[in-house]
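Asks:
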Amino acid sequence: MSLKKTIIFIVVILLIDQISKIYIKTNFILGESELVFNWFQIHFVENDGMAWGTKISDFVSFISDRTAKLLLTLFRIVAVTGIGYWLYKSIGEKRSRLMILSIALIFAGALGNIIDSVFYGVLFSHSDGMVAEVLPQGGGYDSVFHGKVVDMLYFPIWDGVLPEWIPFVGGEYFSFFDPVFNVADVAISTGIGILIFFNKKVFQKPEERIIQTYIGEEE
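Pasting the structure below:
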């Protein structure tokens, strides 16, 4: 993929991610749900921490939630800068299309969530018991770097009591799939999945691809 095509691809993902988040933020009250299918709901929640809603302060008790949030946001900015450099370098070295695609997905997703963390606290009013306003008169619900990530995709595919014959957990209530996530999370997960499951193709060097193509043509 060329640099131009990669940038367009990233921009498209960012637009889908941010438009969906802004729509939810300005049309839903926090905790509100809308049933789409039995197995899929739009469910508005806000994530104040790391993956799965955990917080740095859950593991390091001497750090306050606000300090932990600031550290997490700054770490995300440093991480996405590194990913951006990796992507730019991979394009320059003409690495495999699959590799550039996967890094671009991770970069776009990470950047999408960073936008929430950095700016949403200033841009929006809170969503507790009300639909948020954009650029409210009295200011946003928090300061720069302390915004919350908007999540809305919820797939409660199955819930119920597990059969008694299942070892250890038989007879207990179980639900699948509980996490609520967003388009940026989907992009990150897809990019990481490509890196893991297509490892050999992803990290194939340009000269190796040329040799492989040449051998294939001869056969």
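Last residue of the sequence shown: 222 in this note's numbering, with the numbers rising by one and none dropped. All residues carry an ideal CB built from backbone N, CA and C; glycine is no exception.
Tell me which same chain residues have a C-beta within less than 8 Å of the C-beta of V125, skipping the five on either side of it?
Replies: G142, G143, D145, S146, V147, G150
Asks: In this structure, does DSSP put E31 in helix, strand or coil?
Replies: The residue you asked about is not Glu; residue 31 is Phe in the sequence shown. Residue state, collapsed to three classes: coil.
Asks: In three-state terms, what does DSSP make of I36?
Replies: Note on identity: in this sequence residue 36 is Ser, with Ile being the wrong assignment. Note: S36 maps to strand in three-state DSSP.
Asks: Measuring straight from C-alpha to C-alpha, what distance separates H46 and I13?
Replies: 25 Å
Asks: Quick one: grab the DSSP three-state call for F122.
Replies: helix
Asks: Given L6, which residues of its chain have a CB within under 6 Å of its CB, disregarding the five upstream and five downstream residues?
Replies: I94
Asks: Could you check which residue in R100, L101, A71, I106 has the C-alpha nearest to that of D88?
Replies: Residue identity check: residue 88 is Tyr in the sequence provided, not Asp. When only C-alpha atoms are compared, the closest one is I106.
Asks: Just how far apart, CA to CA, sit F177 and Q21?
Replies: 32 Å
Asks: By the 10 Å Cβ neighbour count, where 16 or more other Cβ atoms means buried, how is Y123 classified, buried or exposed?
Replies: Buried: at least 16 other Cβ atoms inside 10 Å.
Asks: Do V134 and F206 come within 8 Å of each other at the CB atom, strictly closer than that value?
Replies: no
Asks: Hey, is the region 70-90 in contact with the region 109-122, meaning 3+ C-beta pairs nearer than 8 Å?
Replies: yes
Asks: Might you give, ordered along the chain, the residues of its own chain that have their beta carbon closer than 8 Å to the beta carbon of T9, omitting 5 neighbours on each side?
Replies: L90, I94, I103, A107
Asks: Closer than 7 Å by C-beta to L156: which residues in its own chain qualify, once you throw out the five before and the five after it? Chain order, please.
Replies: V183, F184, N185
Asks: Determine the closest residue to S130 out of W42, T29, V15, with distance taken between C-alpha atoms.
Replies: Nearest C-alpha to S130: T29.
Asks: DSSP on I19, reduced to helix/strand/coil?
Replies: helix
Asks: Rounded to whole angstroms, what is the Cα-Cα separation between W161 and F180?
Replies: If I take the Cα positions, the gap works out to 7 Å.
Asks: In three-state terms, what does DSSP make of Y26?
Replies: helix
Asks: Based on the DSSP secondary-structure assignment, which residues constitute the bridge partners of H46?
Replies: BP columns for H46 point to S36.
Asks: Along the chain, where does the alpha helix (DSSP H) that runs through Y88 open and close?
Replies: 68-95
Asks: Within a Cβ cutoff of 8 Å, which residues of the same chain sit near V83, ignoring the five residues on either side of it in sequence?
Replies: F110, A113, L114, I117
Asks: I'd like to know whether the C-beta atoms of V121 and E49 end up nearer to each other than 8 Å.
Replies: no
Asks: Report yes if the C-beta distance between D51 and K72 is below 8 Å; otherwise report no.
Replies: yes
Asks: Just verifying my parser: in three-state terms, what is the DSSP assignment at S130?
Replies: coil
Asks: Rounded to whole angstroms, how far is the Cβ of L101 from the Cβ of I197, which I believe are closer than 8 Å?
Replies: 6 Å
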